[in-house]
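Beneath this line is the structure, given in structure tokens, with notes to follow.
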Amino acid sequence: MIGKSVIRKEAWDKVTGRAKYTHDYFEVGMLHAKLVTSPYAHARIREIHTEKAGSVPGVRAIVTGEGLPLTGEDLRDRPPIAFDKVRYHGEVVAVVVADTLVQAEKAANLIHVAYEPLPSVGSPREALQEGAPLIHENLANYQKGKYSYPEPGTNIAHRTKIRKGNMEKGWAESDVVIEASFAFAPSDHAALEIRCATAEIRQDGTIVIIASSQAPFMIKRLIGEYFGEDVGKVIVHTPLVGGAYGGKAPVQLELLAYLASKAVGGRKVSVWNTREQDMITSPVHIGMEATVKIGCTADGYIKAAEILFLFDGGAYSDKAIDVTRAAAVDCTGPYHIENVWCDSLCVYTNHPYASPFRSFGHCEQAFAIERTIDLLAEKLNIDKLELRMKNAIRPGHTTPTQVVLNRSNVGNLPACIARLRELIQWDEWQRIEINSRTVRAKGVSCGWKTSTIDTDASSGAILTFNPDGSVNLISGVVEIGTGTKTVLAQILSEKLKMDIDDIHVKMDIDTQTTPEHWKTVSSRGTFMAGRAVLSAADDAIRQLKAIAACVLRASAEDLEVGYGKVFLRDDPSIYVPIKDIVYGYKYPNGNAIGGQLIGRGHYILRHLTPLDKETGAGKPGPEWTVCAHAVEIEFDKRDYTYQIIKAASVIDIGKVLNRRAALGQVMGAMSMGLSFASRETFLFDRYERILNAQLRTYRPIRFGEHPEYMVEFIETPQIDAPYGARGVGEHGLIGMPAALANALSVAAEVPLNELPLFPELIWRTKEGKQYGSI
Amino acid sequence: MIKCEILLTVNEESHSIIARQADTLLFVLRNQLGLTGAKPGCLNGDCGACTVLVDKTPIKSCMMLAIEAAEKPITTIEGLCDTPIQRAFIEQFAFQCGYCTPGFLINAYALTKQHPDADDETIQEWLESNICRCTSYQEIEQAVKSVLAKKHEND
Ligand code: FES
Ligand code: FES
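Note that the protein sequences, when read in sequence, are chains A and B. Numbering follows full-length UniProt numbering, with no gaps: position 271 of the first sequence is 271. Numbering follows full-length UniProt numbering, with no gaps: position 103 of the second sequence is 103.
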């Protein structure tokens with residue numbers, strides 16, 4: 001069962017239109033909310049006139065921001081509805097609730113808000129300048145988590161410091177030093193399913209939320225914490241989710257739905273973004289500016305790295321603090337560097353606020369690091385893969401946060417690089433002129449990632465049995481498209497030696513009955529939930545054997561479970577069918593023993609520690625998956641356009657559990673990375689208003705623009721993971737932006753250190769022009 | 001607000017519904033007929049998640065008023081039953097979250113019917129109207145091509 005390309009459990013539902021997502025649960029009598037959003041990026045709210053809107057027939061309530069508690073996961077800096085001032089274009093200033101969406105929209109258009117525009121901040125560097133407008137004047141007074149370090153009086157929401165080794169020594173040992181700066185603006189996840197949530201507050205105070213979310217259990221906790229509700233009275237349902245990529249990890253619309261329902265006496269209210277709002281009002285993909293300085297010996301051994309990441313956290317810190325911390329944790333890329341200095345800042349700007357984006361800070365930082373490695377190789381005149389191989393992280397080395405690596409907790413990067421070299425025929429050519437106009441070039445990169453998650457993150461699983469002996473698998477992992485629940489079924493099928501068709505997976509989450517899985521993020525679903533499932537299976541097996549031992553009059557130690565039976569190990573012809581014991585065993589005379597059999601299991605991450613404030617030392621995650629990537633492009637020297645011909649990834653996956661599903665995860669992530677790197681960005685005007693919040697002007701890769709994908713796996717097991725499998729959902733993305741930029745830099749013969757790589761950017765960089773367009 | 005009676009024929013069943021003249025076909029299919037297979041992704045004609053067949057032609061149902069579709073045969077994803085393209089999407093792992101899938105399937109279904117000989121260019125012309133954010137499109141391409149190839153085998 002392990003390694004097989006089992007089709008996903010919900011496959012037929014998804015190809016017949018039966019699969020239901022949050023917004024498919026339409027109910028007669030449900031009210032509809034419309035968000036009124038700010039047309040300014042930074043402005044004081046003078047007045048909100050709601051009278052006209054309130055008289056529109058069907059309008060039941062208009063909710064504004066006054067008197068609401070501040071929210072935020074690491075730092076409470078965000079009013080759920082703007083109060084006093086707005087800090088980004090698209091921020092919610094009022095919520096209108098009406099019988100129909102049409103009425104709500106009509107009323108929303110009649111709400112008049114008087115603003116007094118304030119100077120806006122358009123990038124982290126701008127935000128850090130002396131005299132820059134302060135976005136949060138009150139930063140000193142916000143309630144904050146133990147490990148968030150805002151710097152009041154500045155626009156810095158958080159700073160993660162990495163101090164490892166001795167920088168002076170590192171520079172002294174370096175013969176060559178290279179320094180470069182990088183930048184890209186925020187962009188979007190653009191999941192096809194627009195974010196939405198409904199809320200209902202029943203007479204007895206029970207709060208029922210349905211949400212398109214990666215973190216239903218977090219919604220439950222946060223509604224409890226923010227609004228002082230009994231957490232046991234909050235029930236969150238999450239059906240299938242139509243793409244998330246990190247964008248559905250934050251909790252936003254759920255709070256609005258709750259507030260809206262409260263305003264109408266608890267009636268059920270649906271909050272649904274428009275696509276335009278989904279792109280800018282809800283959290284976005286983080287932007288970044290960075291400066292990287294690397295020192296290296298003449299023969300290519302890296303001795304020192306000084307890294308500054310300035311992340312554009314946007315108007316509120318929410319999940320961005322975590323993202324910037326994760327970028328710092330792996331700041332060097334997968335290389336052994338003894339002397340490291342890194343500051344990773346979460347900076348406030350007047351941009352939409354950021355949430356995790358698939359790879360959680362890693363494709364962003366890898367862009368800066370891997371571009372610098374290429375520049376270094378050029379300066380040293382060393383083969384680019386060779387330089388990476390020389391410095392590749394290996395067991396025995398330490399990470400930037402000083403975790404000692406071993407054969408289990410880090411994959412085999414040299415093997416990935418070696419395989420990639422063959423796969424893309426690197427040694428044959430790296431740049432060729434096809435004709436006077438067309439050039440082909442290859443670019444490479446490497447990546448690694450651990451999951452910077454709560455040190456006490458846990459996952460639970462429950463198994464129940466049906467009268468025919470088949471099993472129901474209940475886990476808190478949300479099916480966001482990654483197929484994790486199918487993989488869990490495979491793990492269980494292997495463990496119970498049971499047909500995969502006899503394992504029924506509960507797809508929906510209901511926080512009241514589904515055991516908790518911390519959050520469906522960070523490529524940790526298979527590992528944590530997989531371990532929980534294995535422990536639940538052990539528990540079930542123990543119970544099955546105990547009853548069977550009575551029935552078969554044999555010691556439990558002599559029994560085995562499998563193929564729908566509990567049998568004697570040395571004589572399988574003596575057995576009892578599972579179906580006869582999972583609801584208790586009835587003897588021929590009517591007496592019964594046992595009872596309904598329920599398998600319970602859980603897993604909690606072990607030995608994780610928070611990072612030290614001054615040095616960053618600490619253990620942020622259980623293992624590092626490593627990967628190597630390449631992109632081949634064809635570049636037109638005359639008009640600066642290009643085509644992506646091939647993209648390759650070699651990832652140390654530990655163990656392949658479901659081949660096609662794993663390939664799909666990796667290729668999908670690669671596609672997203674290439675799309676981001678080549679064409680995705682928000683375009684801001686000089687007042688930091690977004691000009692392209694539409695899928696027509698913000699244009700992800702479409703069918704036919706895709707290159708040929710090549711993916712291979714290396715298998716170095718992570719010893720404590722289910723069957724050795726490592727997290728892999730994000731790794732296809734990590735090196736794509738860097739590999740593309742490296743290829744294009746070679747083709748155009750100019751360093752390209754910004755994203756996205758629009759032909760215009762290449763032209764501008766090459767021609768040294770600051771403004772203007774083609 | 002003027003409402004009118006509209007006669008819709010969806011998946012070979014006729015329905016008489018009362019709707020605003022401004023209601024889109026997508027809205028009516030989902031909220032009045034409970035056919036939630038067609039998905040809202042942008043309501044602006046950009047993503048293709050809402051694609052249905054009207055008179056055998058793929059149409060973005062967010063861009064068509066329900067009254068415009070009156071008395072024309074409409075096929076939604078719920079009307080496709082065990083077709084080769086659905087099977088191919090499953091076999092080729094051509095979806096993950098599944099949100100774009102109904103739109104892609106309807107579009108690809110019509111493509112394979114109308115252009116059994118489709119070349120790469122035609123396939124791209126048809127399918128570039130839909131966005132998939134999860135897969136790499138390579139899987140979708142394989143699925144579509146496998147159906148086209150099978151058609152030829154049968155000839
Ligand atoms: S919802 Fe119709 S095209 Fe996007
Ligand atoms: S499968 Fe998720 S958008 Fe296509």
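Built from N, CA and C at the ideal position, the CB exists for glycine as well.
Along the stretch 506-531 of chain A, there is no position whose C-beta sits under 7 Å from a C-beta of chain B.
The beta carbon of A:Ala327 is closer than 6 Å to those of Phe309, Ser344, Gly361 and Gln365 in its chain, skipping five residues each way along the sequence.
Where A:Thr765 is concerned, the enclosing alpha helix (DSSP H) starts and stops at Pro759 to Glu767. Distances from the CB of B:Ser61 to the heavy atoms of ligand 1 include at least one below 8 Å. Minimum Cα-Cα distance from A:Val96 among the listed residues A:Gly90, A:Ala104 and A:His89 corresponds to A:Ala104. Taken atom to atom, the span from the alpha-carbon of A:Ile547 to that of A:Ile541 is near 10 Å. Three or more beta-carbon pairs separated by less than 8 Å are not found between the stretch 474-484 of chain A and the stretch 441-456 of chain A, which leaves the two stretches without contact. Against A:Gly664, the close residues of chain B are Phe93, Gln96, Thr135 and Glu139, in the order they occur along the chain (beta-carbon pairs closer than 7 Å). By the rule that beta-carbons nearer than 9 Å mark a contact, B:Pro73 does not touch chain A. Selection B:Tyr109, B:Pro102 and B:Leu148 evaluated against B:Cys132 yields B:Pro102 as nearest (Cα-Cα). Beta-bridge partners of A:Phe465 (DSSP): A:Val471.
Counting only Cβ-Cβ distances below 9 Å, A:Tyr642 has no contacts in chain B at all, with the closest Cβ about 18 Å away. Pairing A:Gly621 with A:Ser5, the inter-Cα distance amounts to about 28 Å.
A:Ser38 has a beta carbon lying at 9 Å or more from every beta carbon in chain B. Nearest to A:Gln252 by C-alpha distance, out of A:Met218, A:His706 and A:Thr324, is A:Met218.
The beta carbon of A:Ser181 is closer than 6 Å to those of Thr291 in its chain, skipping five residues each way along the sequence.
Shown here is that no member of the stretch 614-645 of chain A has a Cβ falling below 9 Å from a Cβ of chain B. Cβ proximity to chain B below 8 Å picks out Gln694, Leu695, Arg696, Pro700, Ile701, Arg702 and Phe703 from the stretch 677-703 of chain A. Relative to A:Tyr709, the option among A:Ile302, A:Asp74 and A:Lys646 whose CA is nearest is A:Lys646. Around the CB of A:Pro239, 16 or more other CB atoms lie within 10 Å, so the residue is classed as buried.
DSSP lists A:Trp272 as the beta-bridge partner residues of A:Cys196.
For the stretch 2-81 of chain A, the continuous beta strand (DSSP E) assignments of 3+ residues that do not extend past its boundaries occur at 31-37, 43-49 and 59-64, in sequence order.
Within 7 Å of the CB of B:Pro102, the CB atoms of chain A belong to Gly17, in sequence order along the chain. Taking a beta-carbon distance threshold of 9 Å, B:Leu8 does not count as an interface residue toward chain A. For chain B, the residues of the stretch 469-482 of chain A that bring a beta carbon within less than 9 Å of one of its beta carbons are Glu479, Ile480, Gly481 and Thr482, in chain order. Pairwise C-beta distances place the stretch 72-86 of chain A out of contact with the stretch 295-314 of chain A, as fewer than three of them are shorter than 8 Å. The alpha carbon of A:Pro707 has as its nearest neighbour, out of B:Arg30, B:Gln138, B:His152 and B:Val147, the alpha carbon of B:Gln138.
In this structure, A:Ser123 is the residue among A:Gly145, A:Ser123 and A:Asp539 with its C-alpha nearest to the C-alpha of A:Ile135. Between the alpha carbons of A:His351 and A:Ala43 lies a distance of about 13 Å.
Counting only Cβ-Cβ distances below 7 Å, B:Asp46 has contacts in chain A at Gln694, Leu695 and Arg696, in chain order. A:Asn658 is bridged by DSSP to A:Gly3. For A:Val241, the nearest CB of chain B lies under 9 Å from its own CB, placing it at the interface with that chain. DSSP places A:Val93 inside the beta strand (DSSP E), whose first and last residues are Val92 to Ala98.
From the listed residues A:Tyr587, A:Glu370, A:Val521 and A:Ala257, the smallest Cα separation to A:Arg553 is found for A:Tyr587.
Interface with chain B (9 Å Cβ-Cβ cutoff): A:Gly668 is included. Looking from the CA of A:Arg125, the closest CA among A:Tyr348, A:Glu116 and A:Met670 belongs to A:Tyr348.
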